[in-house]
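These notes concern the structure reproduced below.
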Amino acid sequence: MSTFKVTFANGAQMPTGSNFLVELGGRKILIDCGLVQGERYSIPINREPFTYDTTSIDALFVTHSHLDHVGRIPKLVRDGFKGKIVSTAPTRDIAELIMIDSMGVLSKEAKHENIEMLYEEKDVLNSMHLWNDIVEYEKPYTFKTDDGDALFVFHDSGHILGSAIIEIRYKGKNLAFTGDLGNTPSPLMKDTTKLTNIDYLVMESVYGDRNHKDREKRVDILKDSLISTINNGGSVVIPAFSIERTQELMLAFNELVENKQIPEVPIYLDSPLGINVTKVYKKYDSWFNENVEKTIKSGDDIFAFKGLIKTPTSEDSKNISNDERPKVIIAGSGMSNGGRVLFHEARYLPDPKSSVIIVGYQSAYTLGRRLVDNAKEVIIHGEVIPVRAHIINIHGFSAHKDSDHLVEFVSSTASTLKKIFVVLGEPKSAYFLGQRLFEEYGVAVNVPEKNDVLILD
Ligand SMILES: [Zn+2]
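The sequence shown: position 218 = 198 (my numbering), numbered continuously.
In structure tokens:
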């Protein structure tokens, strides 16, 4: 009865698709239920049946609202899940926005490929009906099993608004899932909470084999690229994730514009999702770090500045192409694998005066990855587009800890750890981090494969 075990259902040896099954005291729960991100949402792996009986799952605990952590929840519900969904309040709010937003891409893909939609709007709404248990950081949530209570503690992971490390305390053993770990110190978020007394750690490794070399200089690189492109008469396109990256860019532009460090040009926020998520960020402004809190208290609206033009409707968006002035366009998706940014890239990639600034992780097989890999031409909406614009890749804006900081993160609980499981990274990254952790702390490390099982005894 008092089994305590983890199945790595997905997110093993890949950076996306977070999904872990935990069995404890005769109950089954999931940590995250995310989409595998590739060139399309509807790639076969996302359409496969779940590897466990969805009707037997009692609860789903969600680390944060990125699509690779929540994007298969509506499918889980469509396939029979009827349990509780538990998360922080911002995670719930943002997840609802991004799941609704994904309908657009899903219906296009379904039509184009003549397949059934991965899920429909009613599945999103049904998911939200199950999503009623809201937790706060550090306040334990009691989960009853057939053999005593388990305590779930959410710690601030400092990654995006509402993001959490989930610690499960059961039968004297502490198991923690890091979710994604923030690039502390972040411009907006508080620092990642330091863990203690963890026995088993399931940790992310997106940047397990690399450091963000340009971290301190990120805003300077952004500023210099912007000034040189604009002085050249070109425009700057920034594909940006709607959550966190867009708000961090807004905060950076807020400072650059208000301190007159860049020329006065229109700055378009061409992302309905980005605009809506920014509203959620404003709603939870007490969740930000001390610096931002001070700025807000001084009366500055951190997400508003001269020159900012929001274009929620597609009509507004189309009008951007009539604006011949040098400008900045921030648009989704962040990996250029869909969304409005493709229209701007089709227009400005062939222009040697313009720039595309990449500010986030680019998954394999995405257009963004092809750009950072120096492709000379790319295909957008079925057309071959030559790449003549400057492609500038700023790693420092990442919302993830780099290799050195992932290693450092483990130090606060290294003395109690029995084993570390490295997940959510490409194999090269996961193995490299695993080796570093073993060498640094002498703790047993495993890089699980999909469907591997861990029994905690
Ligand atoms: Zn994330």
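Ideal Cβ positions, reconstructed from N, Cα and C, are used throughout, including at glycine.
All of these numbers come straight from a predicted model, not from anything done at the bench.
Take every Cβ of the region 68 to 79, pair it with every Cβ of the region 34 to 48, and state whether three or more of those distances are shorter than 8 Å. Touching, yes, given that three or more Cβ pairs across the two stretches are closer than 8 Å.
Kindly indicate which three-state DSSP category I140 falls into: helix, strand or coil? coil
If you measure from each CB to the nearest heavy atom of ligand 2 and keep those under 5 Å, what residues do you get, in chain order? Among the ligands present in this structure, namely ligand 1, ligand 2 is not found.
Does the structure place the region 405 to 412 close enough to the region 178 to 189 that three or more beta carbon pairs sit under 8 Å? The count of Cβ pairs closer than 8 Å, one atom from the region 178 to 189 and one from the region 405 to 412, reaches three, so the stretches are in contact.
Give the secondary structure of P366 by DSSP, where H, G and I count as helix, E and B as strand, and everything else as coil. strand
Please list, in chain order, all residues of the same chain as H370 whose beta carbon is under 6 Å from its beta carbon, the five residues on each side excluded. Here the set comprises S335.
Just to confirm, are V387 and E420 a CB contact at a threshold of 8 Å? yes
Taking 7 Å as the limit between beta carbons, can you name the residues of its chain near G314, skipping five residues before and five after? P219, A220, F221, R225 and G340
Could you give the residue range of the beta strand (DSSP E) that holds E357? E357 to I360
Residue nearest to G5 in terms of C-alpha spacing, selected from V57, D129 and M83: D129
What three-state label does DSSP hand R149 in the structure shown? Here R149 carries a strand assignment [DSSP, helix/strand/coil].
Quick check on the DSSP output: the beta strand (DSSP E) that includes Y328 runs from which residue to which? It is not in any beta strand (DSSP E) - Y328 instead sits in the alpha helix (DSSP H) that spans V321 to Y328.
If you draw a straight line from the alpha carbon of T(-13) to that of N431, how long is it in whole angstroms? Roughly 6 Å between the two C-alpha positions.
Provide the residue span of the beta strand (DSSP E) that contains V336, from first to last. S335 to I338
Unbroken stretches of the beta strand (DSSP E), 3 residues or longer, contained in the region 228 to 294: As far as the region 228 to 294 is concerned, its whole beta strand (DSSP E) runs of at least 3 residues are 247 to 250 and 288 to 290.
Run through DSSP, which three-state label would Y421 get? The answer is helix: DSSP assigns Y421 an H, G or I state.
How many whole angstroms separate the CB atoms of G348 and L253, which I take to be in contact at a CB cut-off of 8 Å? At roughly 17 Å, the Cβ-Cβ gap does not stay under 8 Å, so G348 and L253 are not in contact.
Just to confirm the assignment, what range does the beta strand (DSSP E) spanning R349 have? R349 -> not in any beta strand (DSSP E); alpha helix (DSSP H) instead, spanning L347 to V352.
Compare the C-alpha of R20 against each of Y32, R58, I9 and S87 and name the closest. S87
Apart from the five residues on each side of it in sequence, which residues of its chain come closer than 8 Å, Cβ to Cβ, to G213? P306 and K333
Check each candidate in M230, Y345 and R190 and name the one with the smallest Cα separation from D281. M230
Give, in chain order, every unbroken run of the alpha helix (DSSP H) that is at least 4 residues long and sits entirely within the region 11 to 48. 24 to 27
Is the region 155 to 172 touching the region 92 to 106, taking contact as three or more C-beta pairs under 8 Å? no
The beta strand (DSSP E) that contains K124, what's its start and end? It spans Y121 to T125 - the beta strand (DSSP E) in which K124 sits, taken as one unbroken run.
Quick check on the DSSP output: the alpha helix (DSSP H) that includes L386 runs from which residue to which? S383 to V390
Do you know how far the Cα of K55 is from the Cα of I148? 25 Å
Closer than 8 Å by C-beta to I201: which residues in its own chain qualify, once you throw out the five before and the five after it? Chain order, please. Hits under 8 Å: D194, I372, I374 and G376.
Cβ shell of K290 (< 6 Å), same chain only, five flanking positions each side left out: Around K290: L249 and I255.
Under a Cβ-count criterion, where at least 16 other Cβ atoms within 10 Å of its own Cβ denotes burial, should P24 be classed as buried or exposed? Burial call: exposed.
Would you mind listing the beta strand (DSSP E) stretches within the region 62 to 142 that are 3+ residues and don't spill past its ends, in chain order? Within the region 62 to 142, the complete beta strand (DSSP E) runs of at least 3 residues are 64 to 67, 121 to 125 and 128 to 136.
Please say whether L329 and I300 have beta carbons closer to each other than 8 Å? no
Give the secondary structure of K170 by DSSP, where H, G and I count as helix, E and B as strand, and everything else as coil. coil
Note down, in chain order, each residue of its chain lying with its Cβ closer than 6 Å to the Cβ of D384, except the 5 sequence neighbours on either side. N191
What are the residues that DSSP puts in a beta bridge with T(-13)? L1 and V433.
In the DSSP output, what is A156 paired with across the bridge? E147 and L181
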